[in-house]
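Residue numbers (my numbering): 1108 to 1591.
Here a beta-carbon is modelled for each residue, glycine too, at the ideal position from N, C-alpha and C.
Note that this is a predicted model, so its numbers are computed, not measured.
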C-alpha cells in the first residue's frame, strides 16, 4: 500500500523566513553606517538592499502570520532549514551586487553563501582596495552563519535525525510540536553566549594592536570559524605578534560545543574537559600538531620555534575548519597539504560553528568497529557501542554511516565536476574536500572571480550541502518528500 502524505504547509516556513529577513535588514544598517561615515562609494546599495529585505520580510510575516504558535513538523523542518539558508544567502548577496562590487549575481551569491556557510572563500581579488563596508558585511554574514549553524545543530538536527544527531536530543524536547518554544528559549541563550564570546575575541584582538575595524572583522571571522581574510596575504602581514595567538585560542573555543563553553565561563571547566567529544577534539589537535611538526621536519630538515608555532596554528586552523593561515601555505610540502585536507574533513565538535564530518561521528564509527571486533572474538557475547553513557542503537549507526557514504559520494561527484571545469585532478580533489567541509580559504590559490559562472554555482551548491549536512538538502529532491 502506497504511503500518503499531507501536502506540505509552507506557512510556518514563510513566516519564519520573513522574520529572518527583517533581522537581516537590521544587520545591513551596520555596514551602511560604516560606509556613510567613511564616505565610501556606492554605499547606497545597502540602503536599497535593506529596504528590499525589509519589504519582503514584512510581506511574508503579514501574509502568513497566525494567531497561535505554529507547529513545526518534520517535513516542514526539513523544508525550512534549506529554504531559510537559501533565502538569507540570496538577500545577503544583494548588497554585494547593488553596491557594484561584483560583476554578477552569481558572484554575489557565491560571496554570500561562502560567508554564511563559514567556508571562507572569496571572489574579491584585492582586499586592500575593497570598501570597508563590504568587509564589515562579509564579517557579519559569517557571524550570522555561525549563529545559524550552531542553533540548527542544537535544536533542529537532533530531531531530524541527521547523521546520528539524535544522540544530542533531550527527553524534555523530543516532539517536533515542541520545537518552536525550545528554539525561542535556546536562541536567547545562544545569542548572548555567542555575543559574549565575540566581544571577548574582538576586545583581545584590539588590545593586541589591530585597528578596531580589523579587530571587529577578524573577531567575527574567528568566532564563526570562517577564516575569511580582510587583508591581502596571510595574518602574518598584520605585523602584530599576539594576534595569531588570540585567534588560535578563540578558534579552539569556537569549534567546541557552544553550550559547554557556558560551563567554562561559569567556572566549571572540568565539565567541559570531561565531555567525551571535547576530549577527543583536544587530543586530535595535540596529536595532529605533533604529526604536522614531524612532517615539517622531515620535508625541510629545519625546525625552528617559528616552524613549530606555524605548525600548531595551521593544525588548529584545519581541525576547526577556520582556514586561517600565517605563512605561504601553497609552498608547503604536498604531504602536509594532504594531511591538512584530512584534518578539515574530520572537523570540530557538533554544536559549534565548525564544519567537517565532526569528531563525534568518528567516535561512533570507532565504537561500532570495536564492538564488531569483540563480537568476532566472543561470538556469544553481547557488545553494544556506548556513547555518552547511552547505547548507540542501529538507527543511529545507520544515520552516521549514511552521512559518511554521502560525503564520499559527493566528494567524488564534485571532484569530477571540478575536473570537467578545467581543474587538475589534484586541485579538484582538494577543492571538493574543502568545499564540502566548509574549510575553503586555505586551499584556494586561484582567483574565484575569474572562474566560469557554472563553476561558481557548483561551488555554491557544495558549500550549502556541506553546511546543512547533505541529507537535509538532498531529501527535498526525493519524490517521497512531496508525495501526498
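Measuring CA to CA, which of 1362, 1504 and 1475 is closest to residue 1490?
Within the chain shown, the letter at position 383 stands for residue 1490. When the alpha-carbon of residue 1490 is set against those of 1362, 1504 and 1475, the nearest one is in 1475.
Who are the near neighbours of residue 1168 in its chain, counting only those whose CB is closer than 8 Å to its CB and skipping five residues on each side?
Locating residue 1168 in the chain shown gives position 61, where the first residue counts as 1. Cβ within range, chain order: 1122, 1125, 1126 and 1129.
Minimum C-alpha distance to residue 1464 - residue among 1493, 1575 and 1358:
On the chain shown, position 357 is the one that residue 1464 refers to. Closest in alpha carbon position to residue 1464, among 1493, 1575 and 1358, is 1575.
Between residue 1459 and residue 1191, is the Cβ-Cβ spacing less than 9 Å?
Sequence index remark: in the chain shown, residue 1459 carries index 352 (1-based). Sequence index remark: in the chain shown, residue 1191 carries index 84 (1-based). In this structure, the beta-carbon distance from residue 1459 to residue 1191 does not fall below 9 Å.
Are the CB atoms of residue 1403 and residue 1423 nearer to each other than 9 Å?
Here residue 1403 is taken as the residue at index 296 of the chain shown, counted from 1. Here residue 1423 is taken as the residue at index 316 of the chain shown, counted from 1. Not a contact, by the Cβ cut-off of 9 Å.
Less than 6 Å between C-beta atoms, sequence neighbours within five positions excluded: which residues of the same chain meet that for residue 1478?
Sequence index remark: in the chain shown, residue 1478 carries index 371 (1-based). Correct list, in chain order: 1490 and 1492.
Please classify residue 1321: is it buried, with 16 or more other beta-carbons within 10 angstroms of its beta-carbon, or exposed?
Translated into positions along the chain shown, residue 1321 becomes position 214. Buried, because 16 or more other Cβ atoms sit within 10 Å of the Cβ of residue 1321.
Using DSSP with H/G/I as helix, E/B as strand and the rest coil, what is residue 1379?
Working through the chain shown from its first residue, we reach residue 1379 at position 272. In the three-state reduction of the DSSP assignment, residue 1379 falls in the helix class.
What is the DSSP secondary structure of residue 1349, reduced to helix, strand or coil?
As a position in the chain shown, residue 1349 is number 242, starting the count at 1. Shown here, residue 1349 sits in coil according to DSSP, grouped into three states, outside any helix or strand.
Are residue 1142 and residue 1332 close, meaning C-beta to C-beta below 9 Å?
One-based indexing of the chain shown puts residue 1142 at position 35. One-based indexing of the chain shown puts residue 1332 at position 225. One thing to note: residue 1142 has its Cβ no nearer than 9 Å to the Cβ of residue 1332.
Collapsed DSSP secondary structure at residue 1238 in the structure displayed
Residue mapping note: residue 1238 aligns to position 131 of the chain shown, counting from 1. In the structure shown, residue 1238 adopts coil according to DSSP, grouped into three states.
The stretch 1136-1153 contacting the stretch 1224-1239, beta-carbon criterion three pairs below 8 Å
With the cut-off at 8 Å, the stretch 1136-1153 and the stretch 1224-1239 touch.
Compute the Euclidean distance between the alpha carbons of residue 1133 and residue 1157, then round it to the nearest angstrom.
Against the chain shown, residue 1133 aligns to sequence position 26. Against the chain shown, residue 1157 aligns to sequence position 50. Distance between the alpha carbons of residue 1133 and residue 1157 is about 7 Å.
Using the C-alpha atoms, what's the distance from residue 1410 back to residue 1535?
Looking up residue 1535 in the chain shown gives position 428. Looking up residue 1410 in the chain shown gives position 303. About 31 Å.
According to DSSP, is residue 1545 part of a helix, a strand, or is it coil?
Along the chain shown, read from residue 1 onward, the residue named residue 1545 stands at position 438. Looking at residue 1545 - three-state DSSP - the assignment turns out to be coil, as it is neither helix nor strand.
Tell me whether the beta-carbon of residue 1220 lies closer than 9 Å to the beta-carbon of residue 1556.
Walking along the chain shown from the start, residue 1220 turns up at place 113. Walking along the chain shown from the start, residue 1556 turns up at place 449. Against a cut-off of 9 Å, the Cβ pair of residue 1556 and residue 1220 comes out as no contact.
Three or more C-beta pairs closer than 8 Å, one from the stretch 1372-1383 and one from the stretch 1497-1516: is that the case here?
The stretch 1372-1383 makes no contact with the stretch 1497-1516: fewer than 3 CB pairs, one atom from each, lie closer than 8 Å.
With burial defined as no fewer than 16 other Cβ atoms inside 10 Å of the residue's Cβ, what is the status of residue 1441: buried or exposed?
Along the chain shown, one-based indexing puts residue 1441 at 334. Exposed, since its Cβ has fewer than 16 Cβ neighbours within 10 Å.
Between the Cα of residue 1213 and the Cα atoms of 1425, 1564 and 1470, which residue gives the shortest distance?
Counting from 1 along the chain shown, the entry for residue 1213 is found at position 106. Checked all of 1425, 1564 and 1470; the closest Cα to residue 1213 is 1564.
Between residue 1380 and residue 1457, what straight-line distance do the alpha-carbon atoms span, to the nearest angstrom?
Position 273 of the chain shown, counting from 1, holds the residue named residue 1380. Position 350 of the chain shown, counting from 1, holds the residue named residue 1457. If you take the alpha carbons of residue 1380 and residue 1457, they lie about 15 Å apart.
Are residue 1330 and residue 1250 close, meaning C-beta to C-beta below 9 Å?
Position 223 of the chain shown holds residue 1330. Position 143 of the chain shown holds residue 1250. Their beta carbons are under 9 Å apart, which means residue 1330 touches residue 1250 by this criterion.
How many angstroms separate the CA atom of residue 1118 from the CA atom of residue 1587?
Here residue 1118 is taken as the residue at index 11 of the chain shown, counted from 1. Here residue 1587 is taken as the residue at index 480 of the chain shown, counted from 1. Here the alpha carbons of residue 1587 and residue 1118 stand approximately 20 Å from one another.
For residue 1197 and residue 1120, what's the separation of their Cα atoms in angstroms?
For the purposes of this step, residue 1197 is taken as residue 90 along the chain shown, with counting starting at 1. For the purposes of this step, residue 1120 is taken as residue 13 along the chain shown, with counting starting at 1. For residue 1197 and residue 1120, the distance between alpha carbons rounds to 16 Å.
Note down, in chain order, each residue of its chain lying with its Cβ closer than 6 Å to the Cβ of residue 1200, except the 5 sequence neighbours on either side.
By one-based count along the chain shown, residue 1200 stands at place 93. So the list reads 1215, 1216 and 1219, once near-sequence residues are dropped.
Just to confirm before moving on: does the CB-CB distance between residue 1427 and residue 1472 stay below 9 Å?
Along the chain shown, one-based indexing puts residue 1427 at 320. Along the chain shown, one-based indexing puts residue 1472 at 365. No, Cβ-Cβ distance for residue 1427 and residue 1472 is not below 9 Å.
Supposed contact pair residue 1487 and residue 1447 - C-beta distance, whole angstroms, cut 8 Å
To locate residue 1447, count along the chain shown from 1; it is residue 340. To locate residue 1487, count along the chain shown from 1; it is residue 380. Wrong, their Cβ atoms sit about 45 Å apart, outside the cutoff.
Would you list, in sequence order, the uninterrupted beta strand (DSSP E) runs of no fewer than 3 residues that lie entirely inside the stretch 1150-1184?
Along the length of the stretch 1150-1184, whole beta strand (DSSP E) runs at least 3 residues long do not occur.
Which term fits residue 1507, buried or exposed, when burial requires 16 or more other beta carbons within 10 angstroms of its beta carbon?
What you label residue 1507 is simply residue 400 of the chain shown in a count that begins at 1. By the 10 Å Cβ count, residue 1507 comes out buried.
Identity of the residues DSSP links to residue 1493 by a beta bridge
Indexing the chain shown from 1 puts residue 1493 at position 386. Per DSSP, 1498.
When you compare only the Cα positions, how much space is there between residue 1353 and residue 1317?
Indexing the chain shown from 1 puts residue 1353 at position 246. Indexing the chain shown from 1 puts residue 1317 at position 210. A straight line joining the alpha-carbon of residue 1353 with that of residue 1317 spans about 11 Å.
Does the stretch 1297-1313 touch the stretch 1517-1527, meaning 3 or more C-beta pairs lie closer than 8 Å?
In this structure the stretch 1517-1527 does not lie against the stretch 1297-1313, because fewer than three pairs of beta carbons, one per stretch, are closer than 8 Å.
If you reduce the DSSP assignment to three classes, tell me which class residue 1394 lands in.
As a working note, residue 1394 is residue 287 in the chain shown. Reduced to three states, the DSSP call for residue 1394 is helix.
Is the Cβ-Cβ distance between residue 1417 and residue 1362 less than 9 Å?
Here residue 1417 is taken as the residue at index 310 of the chain shown, counted from 1. Here residue 1362 is taken as the residue at index 255 of the chain shown, counted from 1. Going by C-beta atoms, residue 1417 is not nearer than 9 Å to residue 1362.
Alpha carbon to alpha carbon, how far is residue 1577 from residue 1566? Give it in angstroms, no decimals.
Position 459 of the chain shown, counted from the first residue, corresponds to residue 1566. Position 470 of the chain shown, counted from the first residue, corresponds to residue 1577. Here the alpha carbons of residue 1577 and residue 1566 stand approximately 14 Å from one another.
Classify residue 1208: buried if its beta carbon has 16 or more other beta carbons within 10 angstroms, exposed otherwise.
Numbered from its first residue, the chain shown carries residue 1208 at position 101. Residue environment analysis places residue 1208 among the buried positions, since at least 16 neighbouring C-beta atoms fall within 10 angstroms of its C-beta.
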